[in-house]
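So for the sequence shown, my numbering puts the first residue at 409; every next one is plus one.
For every residue, glycine included, the Cβ atom is placed at its ideal position computed from N, Cα and C.
Worksheet for the structure shown next.
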Amino acid sequence: MRAWSWLLLLLLFSPVAVSAQEAQGPPLLEDPAGDVRAVAAGQDAGASPAAVDRVDLRAVHLVETPTHLEASFQVGAIEQDPSVVHGLFLNFEYAGMRYEVRASSSLGGTDYFAAFFRIDESTGRTNYVDNLEATVSTGTATIHVLVPRDLVVGADGAPLVPDRSLTDIGVISRGLSVYLISIEGEPATLTLRDDVDGTAELLLRHGVEQTGNARLWSETPFRSSNGEATTFVFQVEAQNVGEAADDFELALQGVPAKWDVQLPVERLHLEAGEQKRVPLVVRTPFAHAHGSLEQFLLSLTSVSGDGVGRVEMGVRYPLIPQPAGHHDTLWMHPVPGPTDPLSTSVDLLNEAISGSGSYYTDAVVMNAVESDERLQTGPVNGHVCDNGRNGTSPLAPTYCWRVYLDPGLDMGLDFDLGRLGAVEVPVQALVPTDGAVLGGTLYHLGSPETVEEVGYSYTTQEYTPVADVVGGDPVNIGLDETVLLSATVVPRPEADLVPYAPDAGLVLVLELETDRLDYALFGPHEEPALLPGGFLRLPLLEYSDPVDQVFSAADALRLEVVTEQERMLNPGDTAVFAVDVAHAGERGTFDARVVGGNVEWASLLGPTTFTLEGNETQRLSVRVTAPADAPDEAVADLVLEVASTSDLSVRGLLRLVAVVDTDAEHPDDAEQAAALAQNAGRNSPGPVAPLLLAAVALLALARRRGPDRR
């Protein structure tokens, strides 16, 4: 999701389907009527005209609920003058972090769309966080905006907790009127502004509380899912903010039914001020629950009784699905910019509404909704991005469109390198266009990074090509003709697994090569237009977080897989995983067990309890046998857990995944498993036959999809 699109598109959905309520009780802020300032050409234009009641802010309610912050803005009128583009800006500070809620109307409309931003006061940068749900009550001239609680995190990582406050709350109401006035004989745009000073505070009453010396937080406490059974890796930071060392116990509460949540340790030792990262392995079952939220609570309790840290975590099921295996088609929605002469002045509009940067007037977005009634779609002209097909003709242009995934990419991508995708788009040409060939590139946009330069900073994202769009034979488009152009999508090797990244994106750059004459200095200059109805179909599998991560918070105990961590097997066949358990501490006794999804397929070959001397290694073998009737892509998503029987802080976890494949043949480890089981039956806890395990490791290298996914 790009930051500009909040100003262009009516994307009113939030991840949770919650409706705003009419504000109750006294407002947080009040403002008198008729105090709008009018400015033209940078000069005060006197009292506001009666036509700008929409910009005249009257009152602001801010209400805290267990799930949201509900902001309600009452203005003078909404329908009186819809020719004013209106923007509302509510900003506040929470625990050292500053945020801003933005709501904006479209020109000539009464709908509002909203987004949430985090402000980096050290650099002055405003960073996009998420879209928000906005609704309008025309009778009371009120705009309601919902902010999910989990989007607000303090500088210390604390979520919204009781007895803290939102402070320094301020509001600005801005508008750009289509009316023109004369300043010293020159026409100028009338900009309207109504400010409310940031003096209010809101005391919080809901949410989890963190006390004493214990703190828990996560940069990404909530993830997104389309509802398929999958696995997430959450990273949580645990910190002792006290002045003395302490031991802490980790515990889970309210884990949803049929979820499997695994902690690497149940106890942590933290020195004064020390911070440790704790990974959680969370496996969720199938849930067709778009528009809902599931969550649980993780707590960090001081053994000495000095404090408790808490953080809420969970999974969102967005209303608009993310691109993945069973939502592999993304429909394109060309959104033409406004044609009003004033509104096409992009810099003026942006200066009046947001105060910085430039925005596109035309946009093409894509998502998994075939018909998106929220968007006013229509033709969007391509722009000339190159002249000359392969350098043979300097006059023949290539036209381009950038198609952004919107809402943004909240999941990773898992391409099936053995399949191809497709693109189909209707293209209209007002003048004859010969030799049209569709091509392009699909890019993954990584997490935004702030780049510091001398005296300024800017935000950049890494564009990684993940697939190529390869066209077919050239097509001739006649006078004022519309044709359906198609191309093949070929995934690149690096797209085999694209891990999840916060605030990531996906953009398709479509290129239309032609033989028509359209040189920059002459020519028809009637660019071909992209029409609604196009789609991008990607060869995607269901996504899970990478399987090559080892989770061990105790330095003394390490788990290392000898075979691959992900195996493919046929129905009725067996896969054997070999894992080395290394212990660098003193002599100790350990328990081993396997948990997770389809755990009934799995068993440990050998002792489940064993003793290790210092610097000794124990090899464990896990057998996974798929049922004979297991369907294609059925998954045993397992966690091997090894824990000290005497010290809860010494505990290691390792993920092992077995995926059923009915399309190709894979090695069957049944004989090796039988030999290992027989060897274990002879009560031999030490290393098993090296040649046998080497054979297991070699056979495990057979893969169905692409290169190593690490």
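Q: Helix, strand or coil for residue 901, going by three-state DSSP, please let me know.
A: helix
Q) Cα separation between residue 741 and residue 714? A) 55 Å
Q) What residue does the beta strand (DSSP E) around residue 726 start on, and which one ends it? A) No beta strand (DSSP E) holds residue 726; DSSP gives it neither H nor E.
Q: With a floor of 3 residues, list each beta strand (DSSP E) that falls wholly inside the segment 660 to 744, ordered by position along the chain.
A: 668 to 670, 675 to 678, 683 to 692, 700 to 710, 716 to 725 and 737 to 743
**Q.** Whole-angstrom distance between residue 439 and residue 633, CA atom to CA atom
**A.** 42 Å
Q) If we count the other Cβ atoms within 10 Å of its Cβ and call it buried at 16 or more, is residue 840 buried or exposed? A) exposed
Q) Could you give the uninterrupted runs of the beta strand (DSSP E) lying entirely in the segment 963 to 987, keeping only those of 3 residues or more? A) 965 to 969 and 974 to 977
**Q.** Ordered list of beta strand (DSSP E) runs contained in the segment 524 to 563, each at least 3 residues
**A.** 533 to 545 and 550 to 556
Q: Would you mind stating whether residue 1123 and residue 494 have Cβ atoms separated by less than 8 Å?
A: Limits of the chain in this structure are 409 at one end and 1118 at the other, which puts residue 1123 out of reach.
Q | Which of helix, strand or coil DSSP assigns to residue 634 | A | coil
Q | Given residue 1028 as reference, the closest of 528, 1039, 1041 and 1013 once Cα atoms are compared | A | 1013
Q. Mind checking residue 434: buried by the 16 CB within 10 Å criterion, or exposed?
A. exposed
Q: Helix, strand or coil for residue 1026, going by three-state DSSP, please let me know.
A: strand
Q: Look up residue 793 in the DSSP assignment and give the residues it is bridged to.
A: None, per the DSSP bridge assignment.
Q. Roughly how many whole angstroms lie between the Cα atoms of residue 1119 and residue 811?
A. As displayed, the chain neither begins before 409 nor continues past 1118, which places residue 1119 out of reach and without an answer.
**Q.** Length of the line joining the Cα atoms of residue 1093 and residue 946
**A.** Unreliable placement is indicated for residue 1093, whose pLDDT of 42 sits below 50; no coordinate value is reported for it.
Q.
Less than 6 Å between C-beta atoms, sequence neighbours within five positions excluded: which residues of the same chain meet that for residue 601?
A. 445 and 582
**Q.** Reference residue 888; option with closest CA among 909, 914, 838 and 907
**A.** 838
Q: Give a yes or no on whether the C-beta atoms belonging to residue 701 and residue 724 are separated by under 8 Å.
A: yes
Q.
Can you tell me which residues form a DSSP beta bridge with residue 851?
A. 873 and 915
Q | Reduced DSSP category for residue 617 - H, G, I as helix; E, B as strand; rest coil | A | coil
(Q) Give me the DSSP bridge partner(s) of residue 499. (A) 508 and 578
Q) What number of angstroms, rounded off, separates the C-alpha of residue 1034 from the C-alpha of residue 636? A) 20 Å
Q: For the beta strand (DSSP E) holding residue 1001, just list the boundary residues, first then last.
A: 996 to 1004
Q | residue 935 - DSSP class collapsed to helix/strand/coil | A | coil
Q. Using DSSP with H/G/I as helix, E/B as strand and the rest coil, what is residue 1008?
A. helix
Q: Using 10 angstroms around the beta-carbon of residue 480, count the other beta-carbons present and answer buried if the total reaches 16, otherwise exposed.
A: buried
Q: Reducing DSSP to helix, strand and coil, say where residue 1083 ends up.
A: helix
Q) Would the segment 615 to 631 and the segment 643 to 650 be scored as touching if the rule is three or more Cβ pairs under 8 Å? A) yes
**Q.** Separation of residue 805 from residue 754, as counted between CA atoms
**A.** Here residue 754 scores only 34 on pLDDT, less than 50, and its place in the model should not be relied on; the value that follows carries that caveat. Approximately 26 Å, taken between the alpha carbons.
Q) Applying the criterion that 16 or more other CB atoms from any shown protein chain within 10 Å of the CB defines a buried residue, is residue 513 buried or exposed? A) buried
Q. Closest to residue 998 by CA distance: which of 898, 1022 and 1067 is it?
A. 1022
Q: Starting from residue 773, follow its DSSP beta bridges and name the residues at the other end.
A: 741 and 812
Q.
Can you tell me whether residue 1069 is helix, strand or coil according to DSSP?
A. coil
Q.
Given this structure, state the Cα-to-Cα distance separating residue 730 from residue 566, to the nearest angstrom.
A. 28 Å
(Q) With H, G and I counted as helix, E and B as strand and the rest as coil, what does DSSP make of residue 466? (A) strand
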